Every structure is written in structure tokens, then in C-alpha cells.
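With the numbering used here applied, the sequence shown covers -18 to 254.
These notes concern the structure reproduced below.
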Amino acid sequence: MKIAIQGTDASFHAIAARTLFPGASSLLECQHFRDVFTTVKEGKADFGVVGIENSLYGSINETYDLLVQNELTISGETYEQISLHLLGTQTAQMTDITDVYSQAPALGESDVFLDTHLPNARRHEYDDTARAAQFVSSTNEPTKAAVAGEAAATQYGLKILAENIESHHDNYTRFIALSNKSAATHIEYPKSSIIFQTTDTPGSLYAVLGVFAHRSLNLTKLESRPIIGKAWRYMYYIDFEGHFSDELKKELTQYATEVRLLGTYRNGTIKKT
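See below:
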């Protein structure tokens, strides 16, 4: 089984992929989220794994847009705790560091530590925490450091200069699995994801949400994204606990258009450490 991920084999995406697919034979490393979607769409991977939201920084808008643009199915989800460490070469010392590399959210989440301990170090944005660690390892310069996870330190032979430097330790990212297969119909502890548009009339979104309320379906996510080519019109994304039945779809189409099921999958749980 081949799984496409954004980032390298030592990234948080890789950890999420192994949680979702413990029997995966190989991980296909992709540079960008759109590359993951393309790899799965073209059949080069059985599944793809992408982050969709973070407990501190909110939604990953690119993922929502790609879900609208591509006919792929959400087949699973997992929540992974994000613990960040300052990684340097084996000869590096904290006082040596002049440049720090990482993904923008990781730099933002560790800014209190960096402001306090490395106020003069330059910060450089990378597309992935693990790729930043890979770069630091390749330079073998004790003046460079990366903010990344423990797996990246192990993979690239780096030393942990400081542990758990994130400002908030209760930091989780939700990852989803993508596939070319049709949505599942019988799932234990189901969660479903749908997208839809509303008519340009007062109360249309209220009416849609009322359908879920009347059926006692718990919404876990409501997100709006602009529709390309239609100024000030929006596509809505909803996660709810339960299956997407034909009766539910029929009732929703009274108040919404372009109703589409993205997937039904087992509701993920947060494992606190």
C-alpha cells in the first residue's frame, strides 16, 4: 500500500499516515498539498494524507479548496499532538545558533522560546518542519537549527538542543485520509463531511443548519470558502456526527444547491500524552 504525504518520511504527516495506515508499504513524499491530491487522483498512491486544521491556528484553507476542486473521498481522520524541538547538528550549542528554519506555523508557535533564548537568530520559513531539519543536517553547520519533531531529529542525525519549545502544549493537528474510492456506507462511530452552496436569500444558511438540528445531528465543523469566479459567494463545508442518508440529502436540497458528500469515516479521537 502506497500513501502520499506532504513532506518527508520524518514529518508529522508521516506520523499521521502510519497511524491511519499501520500496514503501509511505502510513503510517497510530495512537496505541496496539491501534489498529494494529484498523486492520489492519478492512481500513483492508494491513499493520501493531508492536514486540514490545527487546534491553535484553525483551518488549513488550501486543503478545503483542494477538496472542492478534486473528486476525492475522505476515508479517515486522526489527531496528532504537535511537539516541537530545537534541533541542531551534533556539535552545535545553543549559543552557536544564528539561523533557525521551520514551517511558518511552527516558528509562530515557538516564538516565545525563540524571542527569549535566541532573540538575534534569523528565522527562515520552510514548507515543512522535517524538510527544514533535513536542510540543517545537510549543511552540517553548528550555527543553523531547525524547529521540528523528534522523528526528524532521529531521521537526520540531529541533536535536540531544547525540548517542547512550543508555547502551547495542547497543540493538535487533524489529518484526513484521501482516496479514489466511493464513500463508505456503514461505519462505526461515523462522521460525515459535505459541501454545499446556499441560495442568495435571507435565512438560507439558517434553514440548512435547522435540518441538522431537527435531526439531532451534532455539527463538529462549519467552514466557509469563497467560490472562485463568483464574488462574495461562498461554498460551505460541514462535518457532522452520523451518516449522510438519502433522506438527509433530499431535505438539504430544499435549501441548498451543489450538495456533495466528501466522505463518511470513523470519528477520530484525540489521544492526550
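Just so you know, even glycine gets a beta-carbon here, dropped at the ideal spot from N, CA and C.
Because the structure is a prediction, the values reported are computed rather than measured.
Exercise. Taking the Cβ atom as the reference point for each residue, do Glu267 and Phe14 lie within a distance shorter than 8 Å?
Worked result: No statement about residue 267 is possible, as the shown extent of the chain runs from -18 to 254 and does not include it.
For this session: Go to Tyr187, then tell me how far its alpha helix (DSSP H) extends in each direction, as first and last residue.
Result: First-last of the alpha helix (DSSP H) with Tyr187: Ser185 to His195.
Problem set entry | Given 8 Å, three or more beta-carbon pairs between the stretch 167 to 180 and the stretch 240 to 249 | Cβ pair count under 8 Å is three or more, so yes.
For this session: For Tyr187, count neighbouring C-beta atoms within 10 Å of its own C-beta (all shown protein chains included) and say buried if the count is 16 or more, exposed if not.
Result: Counting Cβ neighbours within 10 Å, Tyr187 comes out exposed, since fewer than 16 surround it.
For this session: Report, in whole angstroms, the separation of the C-beta atoms of Asp80 and Thr124, which I expect to be a contact under 8 Å.
Result: Contact holds; Cβ gap of about 6 Å.
Exercise. How many angstroms separate the CA atom of Lys230 from the CA atom of Gly24?
Worked result: Straight across, the Cα-Cα distance linking Lys230 with Gly24 is about 29 Å.
For this session: Tell me whether the beta-carbon of Ala(-9) lies closer than 8 Å to the beta-carbon of Gln136.
Result: Yes, Cβ-Cβ distance for Ala(-9) and Gln136 is below 8 Å.
Problem set entry | Spatial neighbours of Ser160 in its chain, beta-carbon cut-off 6 Å, leaving aside the 5 residues before and after | Short of 6 Å from the beta carbon of Ser160, and not among the five residues preceding or following it, lie these beta carbons of its own chain, in chain order: Phe28, Thr54 and Ser56.
For this session: Name the one or two DSSP bridge partners that Ala237 has.
Result: DSSP, once it has assigned bridges, lists Thr179 as partnering Ala237.
Exercise. According to the Cβ coordinates, are Phe156 and Gly(-12) closer than 8 Å?
Worked result: No, they are not a contact pair.
Exercise. Which first and last residues belong to the beta strand (DSSP E) in which Lys140 is found?
Worked result: Counting along the chain, the beta strand (DSSP E) containing Lys140 begins and ends at Lys140 to Ala143.
Exercise. Within 10 angstroms of its Cβ, does Ile209 collect 16 or more other Cβ (buried), or is it exposed?
Worked result: By the Cβ-count criterion, Ile209 is exposed, with fewer than 16 other Cβ atoms from all chains shown falling within 10 Å of its own Cβ.
Exercise. Okay, do the stretch 88 to 106 and the stretch 138 to 154 touch, 3+ Cβ pairs below 8 Å being the bar?
Worked result: For the pair of segments examined, the stretch 88 to 106 was found to touch the stretch 138 to 154: the number of CB pairs separated by less than 8 Å reaches three.
Problem set entry | Opposing strand residues paired with Ile(-14) [DSSP bridges] | Glu10 and Val30, per the DSSP bridge assignment.
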